Amino acid sequence: MEVFDALRTRLTVRRFKPDPVPDDVVHKLLQVGLWSPSSRNLQPWHFVVITKRDTLQTLGRIATGGPFLADAPMAIAFGADKRIADRPELDIGRALQQVEVFAWSEGMGTCFVGFRNLGQIAAAKEIIGMPEEIELITIMPFGYRHDDVKGTRRKRKPLSEVAHSERFGQPYAAP
Ligand SMILES: Cc1cc2nc3c(=O)[nH]c(=O)nc-3n(C[C@H](O)[C@H](O)[C@H](O)COP(=O)(O)O)c2cc1C
2 MEVFDALRTR LTVRRFKPDP VPDDVVHKLL QVGLWSPSSR NLQPWHFVVI TKRDTLQTLG
62 RIATGGPFLA DAPMAIAFGA DKRIADRPEL DIGRALQQVE VFAWSEGMGT CFVGFRNLGQ
122 IAAAKEIIGM PEEIELITIM PFGYRHDDVK GTRRKRKPLS EVAHSERFGQ PYAAP
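Per this note's numbering, residue 2 is the first one in the sequence shown, and the count goes up by one each step.
What follows is the structure, given as structure tokens:
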């Protein structure tokens with residue numbers, strides 16, 4: 002799949018086929034995360050691969066924004082080492098976007114699961130053994146997607162509302 006087509010068609014996926022994600026594909030997901038650019042090349046990311054069903058179910062109970070974690074074949078927790086970067090969230094955002102787009106191009110899907118409060122974050126970190134000094138950014142489920150993925154892709158602001166030409170406020174005109 003061309004990068005443009007992957008970006009054009011990608012949707013958030015919250016329901017997965019039960020098929021496991023093969024080990025070599027998991028490895029590729031991690032590689033594309035590792036290949037992401039980062040500020041000063043500090044690479045402040047950590048990726049925790051989670052495949053145990055009981056762990057996924059527990060995380061699905063903790064993360065009220067992502068109960069579907071419980072049914073995913075696998076998940077990756079994205080952590081940020083705040084000791085080695087000032088704004089590691091930006092770097093982690095780059096990495097997880099690369100992983101998400103690659104996963105889509107391979108017939109998979111995922112969803113950014115945001116935690117609703119500090120208690121959820123602490124509980125999830127405890128379950129996966131993530132140390133205090135690593136910030137848990139998200140835990141993203143991965144799996145092969147069904148054909149009928151329903152998303153909100155078309156619900157985007159008009160480009161004319163957010164794109165400016167030369168100076169803010171001067172509308173960008175599409176060719
Ligand atoms: C920072 C961030 C946090 C998100 N948190 C959640 C979440 O907690 N639960 C959820 O179901 N979706 C979550 N999403 C997914 C968004 O709802 C989704 O990307 C958006 O509705 C656009 O849909 P699309 O990705 O299919 O284009 C999150 C996305 C981002 C980028």
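We treat Cβ as the ideally placed atom computed from N, Cα and C, and that holds for glycine.
Every value quoted in this text rests on a predicted model; they were computed, and no experiment measured them.
DSSP places R146 in the strand class (E or B) of the three-state scheme.
Take the alpha-carbon of D6 and the one of L119: they are about 37 Å apart. R88 has its CB no nearer than 8 Å to any heavy atom of ligand 1. For F5, the secondary structure class from DSSP, reduced to helix, strand or coil, is helix. The C-beta distance from V114 to G67 rounds to 3 Å, short enough to meet the 8 Å contact threshold. Per the coordinates, the alpha-carbon of R168 lies some 31 Å from the alpha-carbon of N42.
Straight across, the Cα-Cα distance linking I138 with P132 is about 13 Å. Rounded to whole angstroms, the gap between the alpha carbons of A104 and E127 is 27 Å. In this structure, DSSP gives Q32 a helical state, which the three-state scheme calls helix. If you draw a straight line from the Cα of G94 to the Cα of V102, it comes to about 12 Å.
R16 has its CB no nearer than 8 Å to any heavy atom of ligand 1. If you ignore the 5 residues before and after E136, its C-beta comes within less than 6 Å of the C-beta of A81 and K83, all in its own chain and listed in chain order. According to the DSSP assignment, I77 belongs to the beta strand (DSSP E) that extends over M75 to D82.
With a cutoff of 8 Å, T13 counts as near ligand 1, since its C-beta is closer than that to a heavy atom of the ligand.
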